[in-house]
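Counted from 1, the sequence shown has number 134 at position 134 by the working numbering; the numbering is strictly sequential.
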Amino acid sequence: MRTVRNVKDLRRLIQHYNESRETVALVPTMGALHEGHLSLVRQAKYRCQRVIVSLFVNPKQFSEGEDLESYPQTYERDAQLLTELDVDVLYMPTREEMYQRDASTTITVAGVGEGLCQSTRPDFFSGVATVVTKLLLQCLPDVAIFGEKDYQQLLVIRRLVRDLDIPVAIESGNTVRENDGLALSSRNAYLSENERISAPHLYYSLTQAQHRIGAGEAISKVLWDSEQYLLSVGFESIDYFAYSDAETLVPSDRRLTNRPARLLAAAWLGKARLIDNIAA
Ligand code: PAF
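What follows is the structure, given as structure tokens:
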């Protein structure tokens with residue numbers, strides 16, 4: 001595996017792959033890799049001849065007071081795991097390489113980039129959209145792969161790629177879960193022993209809500225009960241528990257029968273803000 005720290009070297013390698021007519025997949029990450037990331041890498045290897053994994057903790061997607069400084073960093077372990085998976089390139093740009101000191105361009109995505117996570121993390125999606133646009137333009141891969149656990153992020157990225165005519169196919173990978181249902185996330189490392197016991201209730205509450213909505217119960221009552229349930233099992237606050245159109249993310253208080261719907265939730269357990277979502 002080659003480790004590359006700047007755009008010039010990255011482009012030189014990719015040009016070489018292009019000249020040999022080898023397809024390239026990109027898996028963007030912020031490191032602290034877990035089985036969810038590794039499953040995206042395996043998917044990338046299945047799809048393309050060459051796989052690039054980027055590892056960049058993007059300061060632009062953290063608002064003030066968020067966990068930028070404490071975000072888990074396990075670089076050596078990450079590099080080892082990626083080597084074992086036979087990844088071709090680990091792209092680890094420095095902050096200075098990614099953002100010039102006087103950089104003044106930000107990408108914002110209206111519609112799917114509004115509401116839900118954006119309501120409590122105001123800089124998150126513009127930060128993600130900006131860095132992902134840059135990563136895609138730096139690599140120009142054939143395919144880029146993102147996890148469904150960050151469902152709103154996935155829709156934001158699909159939309160910006162479409163709107164900006166970036167020639168890349170965006171693919172998604174299924175959420176990988178612990179045996180008890182907890183979605184894998186680098187931030188699960190923040191959970192204390194007791195919080196870890198409560199954490200799977202987030203997924204459980206989503207599946208219960210899915211069941212009740214499917215049985216015809218009123219959406220507003222199901223959402224309210226789900227929030228109360230999470231508070232009763234130890235979650236301290238709920239950012240949202242929503243039932244939305246799966247493509248536009250517009251919330252609906254009526255069961256969608258002719259369009260796909262999604263249940264999405266974000267809630268706090270101690271220092272960890274957990275998010276999850278399922279088809280509804
Ligand atoms: O999902 C993530 O890890 C990040 O938001 C991403 C897509 C790598 C952008 O920094």
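Idealized CB from N, CA, C, for every residue including glycine.
Locate the alpha helix (DSSP H) running through residue i, then write down its first and last residues.
i, result
"residue 215", "Neither: residue 215 is in no alpha helix (DSSP H) and is coded neither H nor E."
"residue 247", "Residue 247 -> no alpha helix (DSSP H), and no H or E assigned at all."
"residue 133", "124-139"
"residue 26", "Note, residue 26: premise wrong, no alpha helix (DSSP H); beta strand (DSSP E) at 24-29."
"residue 225", "219-232"
"residue 18", "7-19"
"residue 76", "75-84"
"residue 163", "151-163"
"residue 95", "95-98"
Taking just the CA atoms, how far does residue j sit from residue i?
i, j, result
"residue 13", "residue 160", "26 angstroms"
"residue 253", "residue 218", "8 angstroms"
"residue 223", "residue 101", "44 angstroms"
"residue 182", "residue 201", "8 angstroms"
"residue 67", "residue 130", "19 angstroms"
"residue 63", "residue 18", "38 angstroms"
"residue 89", "residue 104", "29 angstroms"
"residue 274", "residue 212", "22 angstroms"
"residue 34", "residue 258", "36 angstroms"
"residue 8", "residue 221", "55 angstroms"
"residue 180", "residue 157", "29 angstroms"
"residue 95", "residue 58", "8 angstroms"
"residue 119", "residue 271", "18 angstroms"
"residue 78", "residue 112", "31 angstroms"
"residue 174", "residue 199", "19 angstroms"
"residue 231", "residue 251", "22 angstroms"
"residue 234", "residue 276", "17 angstroms"
"residue 121", "residue 20", "43 angstroms"
"residue 86", "residue 1", "7 angstroms"
"residue 225", "residue 177", "24 angstroms"
"residue 167", "residue 214", "38 angstroms"
"residue 141", "residue 108", "22 angstroms"
"residue 65", "residue 123", "12 angstroms"
"residue 228", "residue 240", "12 angstroms"
So residue i packs on residue j, CB below 8 angstroms; how close in whole Å?
i, j, result
"residue 172", "residue 191", "Contact flag wrong, Cβ pair sits at about 25 angstroms."
"residue 152", "residue 116", "5 angstroms"
"residue 36", "residue 147", "6 angstroms"
"residue 145", "residue 43", "6 angstroms"
"residue 48", "residue 29", "At roughly 16 angstroms, the Cβ-Cβ gap does not stay under 8 angstroms, so residue 48 and residue 29 are not in contact."
"residue 210", "residue 263", "6 angstroms"
"residue 246", "residue 260", "4 angstroms"
"residue 32", "residue 186", "4 angstroms"
"residue 134", "residue 98", "7 angstroms"
"residue 169", "residue 143", "5 angstroms"
"residue 53", "residue 10", "With a Cβ gap of about 12 angstroms, residue 53 and residue 10 do not count as contacting."
"residue 237", "residue 267", "7 angstroms"
"residue 4", "residue 27", "At roughly 14 angstroms, the Cβ-Cβ gap does not stay under 8 angstroms, so residue 4 and residue 27 are not in contact."
When DSSP labels each residue in this structure, what does residue i get in the three-state scheme?
i, result
"residue 207", "helix"
"residue 188", "helix"
"residue 202", "helix"
"residue 171", "strand"
"residue 65", "coil"
"residue 112", "helix"
"residue 197", "helix"
"residue 119", "helix"
How far does the beta strand (DSSP E) with residue i in it extend, from its first residue to its last?
i, result
"residue 3", "2-4"
"residue 276", "272-279"
"residue 146", "143-147"
"residue 261", "261-269"
"residue 87", "No beta strand (DSSP E) holds residue 87; DSSP gives it neither H nor E."
Does any CB atom of chain B fall closer than 9 angstroms to the CB of residue i?
i, result
"residue 52", "Judged by its chain identifiers, the structure shown contains no chain B, having just a single protein chain."
Residue ranges of each beta strand (DSSP E) within the region 31-57, 3 or longer: Whole beta strand (DSSP E) segments, 3+ residues: 50-55.
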